[in-house]
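J.: Residue numbers (this note's numbering): 35 to 717.
Positions of the beta carbon are idealized from the N, C-alpha and C atoms, including for glycine.
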Ligand code: GCW
């Protein structure tokens, strides 16, 4: 089972004998769970499973705390009462946990205290992670609290079982228009999510089939909620804004119509009767052909509030996607700019959204491209809850076929200082509501796992799901820490294995950027087809607005205030100034903000065109290097995963060459400028 990738980072592989012995000597052999909620029971079962796998011993279950000590799981107050000598401390944050090991005479107690039932489970996973990573337990005393209340994943699953932008097989939730009979993969997925502290999951595409809100689906949806519940994962549904008409049979779906408001209220009440702990609803409106409030000349705030008010009495949240843009833009107009759309649509509505509405904003202003600046909307909203949307599924990142670890890219967005109230307001703090004291906010990852044994279509992409969840819990973790943890948990502690995989993962995003869209060019991907291969002109001369505006004279899109689309001016002044000027705009975003001749000299001292040529060669060479370093792991990784990853990397290396040649030849023809190293244009 383990080698299929199904257990992902929760393999609980046996530790080497010396390490196992050390833990067996330190940990009490008995477990006591103080609460009887399903989530706490899950925690106890998981603990027994993990300890058995890693240490080869089976904990004894007891209902009372024996004098010689035990591993005690429970809510914080209960643990304090049950474990003698627990020092008084501050109450734990909701979903937070505390781990501590105390010795008194011959008694030894290890307590896992939670600020909520979920916290107990999260603490249990944290303890198991420490053991798998070989961390010392003797002086254990650790508190951890999630950075933000919202730590969700979204799925773009269609009711027929296909997944939009899913690369790991068919839906774990749906098949042929109904919820799957066998939901065992949903439970297994709940376990993976819980191990990361993820507490909400939407189960249907934001390009929503309205039928999801018909009565026949409610009992089916309730079954999914039930499969997730023991793992503390709450259900979320995507809804269609036309539902009052399409499902309810009303004459209108105008959000300001009283009948429409009443319909949403009655429908939401019905949902909560079926799923009492529903976390909320999610909406994509007025975007890519989805209907929305514009049909009635209403605002996004009118649309969001009518549904949010129906959710309010149940404590539910309403997520309104910030991904609203016109996909029929006139490409001839040099002032048109899709990047402007999120800010233009939502900034002026700041203050008009109810306090259980969250605007869900993609990390960049376009659409999950290899290099984007952080969306200026994060820095603009002061009176509105927000969440950052990160795409775990590798739509524009080689899908399941290329190795790209997205954590370093996400970190750059999360750590980017928006200067929203002077310096020191990184995106992560804004989305968590810490800067403007918002009641809620946080993180949403578009996961799109499927029925494939390894969930995402290959082994290495699991690091992105792991990394997303770890960042949602603690965005201050470094990319290196996350890569190291994931590698050890997934492939074991052999130093050569760890060092090799960690280094592949850590460089992979920049390498991918080198051969698919450096200097802020982005979108050289075939956007007319499946968003996988190279097609330099696919994004040009159409209404989608993913233009890079490269031609015979130069490359890049002028987004300055002075001469371009004005996008740069959507940032707060200090940031805007940096992007506006060629002198201060970083090379890696140059062509995102500026249109320059190919001979333009970069800060690096090299021309744009030569840099494009060189980076494409560098990138392809690096991917070839992945294959060579992987081969050195033969015999150190189980045969199956060794062979599967090798096949992926060999294919990847070929793809990097295809990209290199297609992009370089295109720019060579367009610019008419020879490669100083004589490599391009002679094939
Ligand atoms: O990136 C684009 C994808 C669409 C997706 C859309 C969105 C679900 O190509 O497949 O639709 O974004 O985020 O709504």
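Alpha carbon to alpha carbon, how far is residue 565 from residue 411?
T.: The alpha-carbon atoms of residue 565 and residue 411 are separated by roughly 26 angstroms.
J.: Would you give the residue range spanned by the beta strand (DSSP E) that residue 204 belongs to?
T.: From DSSP, residue 204 is part of no beta strand (DSSP E); its letter is neither H nor E.
J.: State the start and end residues of the unbroken beta strand (DSSP E) segment that holds residue 268.
T.: Where residue 268 is concerned, the enclosing beta strand (DSSP E) stretches over 268-273.
J.: Would you say the beta carbon of residue 240 is closer than 7 angstroms to some non-hydrogen atom of the ligand SAM?
T.: Absence of the ligand SAM is noted for the structure shown, with the ligand GCW being the only ligands found.
J.: For the region 93-151, which segments carrying the alpha helix (DSSP H) assignment without a break, of at least 4 residues, lie completely within its bounds, in sequence order?
T.: Counting only runs of 4 or more, we get 110-116.
J.: Between residue 355 and residue 441, is the Cβ-Cβ spacing less than 8 angstroms?
T.: Cβ atoms of residue 355 and residue 441: not closer than 8 angstroms.
J.: Take the Cβ of residue 692 as the centre, count every other Cβ of all protein chains shown within 10 Å, and call the residue buried at 16 or more, exposed below.
T.: Exposed is the call here.
J.: Would you give the residue range spanned by the alpha helix (DSSP H) that residue 556 belongs to?
T.: Residue 556 -> no alpha helix (DSSP H), and no H or E assigned at all.
J.: What do you reckon, is the C-beta of residue 303 under 7 angstroms from a heavy atom of the ligand GCW?
T.: The answer is no for residue 303.
J.: Within 10 angstroms of its Cβ, does residue 236 collect 16 or more other Cβ (buried), or is it exposed?
T.: With 16 or more other Cβ atoms within 10 Å, it is buried.
J.: To the nearest angstrom, how far is the alpha carbon of residue 405 from that of residue 620?
T.: So the alpha carbons of these two residues sit roughly 12 angstroms apart.
J.: With burial defined as no fewer than 16 other Cβ atoms inside 10 Å of the residue's Cβ, what is the status of residue 417: buried or exposed?
T.: So residue 417 ends up on the exposed side.
J.: Beta-carbon within less than 6 angstroms of residue 473's beta-carbon, same chain only, minus the 5 sequence neighbours each way: which residues are those?
T.: 389, listed in sequence order.
J.: To which residues does DSSP link residue 176 through a beta bridge?
T.: For residue 176, which the question treats as bridged, DSSP gives the partners 133.
J.: The ligand GCW and residue 190: does any heavy atom of the ligand fall closer than 7 angstroms to the residue's C-beta?
T.: Yes, the beta carbon of residue 190 sits closer than 7 angstroms to at least one heavy atom of the ligand GCW.
J.: Among residues of its own chain, excluding the 5 on either side of residue 480, which ones have a beta-carbon nearer than 8 angstroms to its beta-carbon?
T.: Same-chain partners within the cutoff: 187, 188, 189, 190, 199, 423, 424, 425, 426, 427.
J.: Classify residue 129: buried if its beta carbon has 16 or more other beta carbons within 10 angstroms, exposed otherwise.
T.: Counting Cβ neighbours within 10 Å, residue 129 comes out buried, since at least 16 surround it.
J.: How about residue 380: is its Cβ closer than 7 angstroms to a heavy atom in the ligand GCW?
T.: Incorrect: residue 380 has no Cβ contact closer than 7 angstroms to the ligand GCW.
J.: Over the uninterrupted alpha helix (DSSP H) stretch that includes residue 549, give me the two end residues.
T.: Taken as a continuous stretch (DSSP letters only), the alpha helix (DSSP H) holding residue 549 covers 529-550.
J.: Tell me, please, whether the region 600-614 touches the region 551-566 by the rule of three or more beta-carbon pairs shorter than 8 angstroms.
T.: Taking 8 angstroms as the limit for Cβ pairs, the verdict is that the region 551-566 does not touch the region 600-614.
J.: Below 8 angstroms on the Cβ atoms is my contact criterion, and I expect residue 167 with residue 675 to pass it. Report the Cβ-Cβ distance as a whole number of Å.
T.: About 19 angstroms; that fails the 8 angstroms criterion.
J.: Going by C-alpha distance, which of 212, 283, 219 is nearest residue 254?
T.: Selected option, being the one with the closest Cα: 212.
J.: Along the chain, which unbroken stretches of the beta strand (DSSP E) at least 3 residues long are found entirely within the region 226-299?
T.: You should have 234-236, 268-273.
J.: Which first and last residues belong to the alpha helix (DSSP H) in which residue 51 is found?
T.: Per DSSP, residue 51 belongs to the alpha helix (DSSP H) from 51-60.
J.: Say whether the region 619-635 touches the region 680-691, bearing in mind that this needs 3 or more beta-carbon pairs closer than 8 angstroms, one atom from each stretch.
T.: Result no; under three Cβ-Cβ pairs closer than 8 angstroms.
J.: With DSSP run on the structure shown, which of helix, strand or coil describes residue 423?
T.: If DSSP states are grouped into helix, strand and coil, residue 423 belongs with the strands.
J.: Ignore the nearest five residues each way along the sequence and tell me which others in residue 89's own chain have a CB closer than 7 angstroms to its CB.
T.: If we look at residue 89 and ignore the five residues flanking it on each side, its Cβ neighbours are 49, 54, 57, 58.
J.: Residue 625 CB to nearest chain C CB: under 8 angstroms?
T.: The structure shown contains no chain C; it holds only a single protein chain.
J.: Taking one C-beta from the region 332-347 and one from the region 294-310 each time, how about it: are there three or more such pairs within less than 8 angstroms?
T.: Yes, since at least three Cβ pairs between the region 332-347 and the region 294-310 fall closer than 8 angstroms, the two stretches touch.
J.: In the DSSP assignment, find the unbroken beta strand (DSSP E) run with residue 188 in it and report its ends.
T.: Where residue 188 is concerned, the enclosing beta strand (DSSP E) stretches over 184-188.
J.: Are residue 108 and residue 131 close, meaning C-beta to C-beta below 8 angstroms?
T.: No, Cβ-Cβ distance for residue 108 and residue 131 is not below 8 angstroms.
J.: Any heavy atom of the ligand GCW closer than 7 angstroms to the beta-carbon of residue 547?
T.: No, Cβ of residue 547 sits at least 7 angstroms from all heavy atoms of the ligand GCW.
J.: Of all the alpha helix (DSSP H) runs that stay within the bounds of the region 343-414, which reach a length of 4 or more residues?
T.: Listed in chain order, they are 375-380, 411-414.
J.: Taking the DSSP output, what are the residues bridged to residue 631?
T.: In the DSSP output, where bridge partners are listed per residue, residue 631 has 588.
J.: I want to know whether the region 283-290 touches the region 249-263 - three or more CB-CB distances under 8 angstroms.
T.: Flag = no, the region 283-290 and the region 249-263 do not touch.
J.: Assuming residue 496 contacts residue 507 (C-beta within less than 8 angstroms), just tell me the rounded distance between them.
T.: The pair is not a contact, with the Cβ atoms about 17 angstroms apart (cut-off 8 angstroms).
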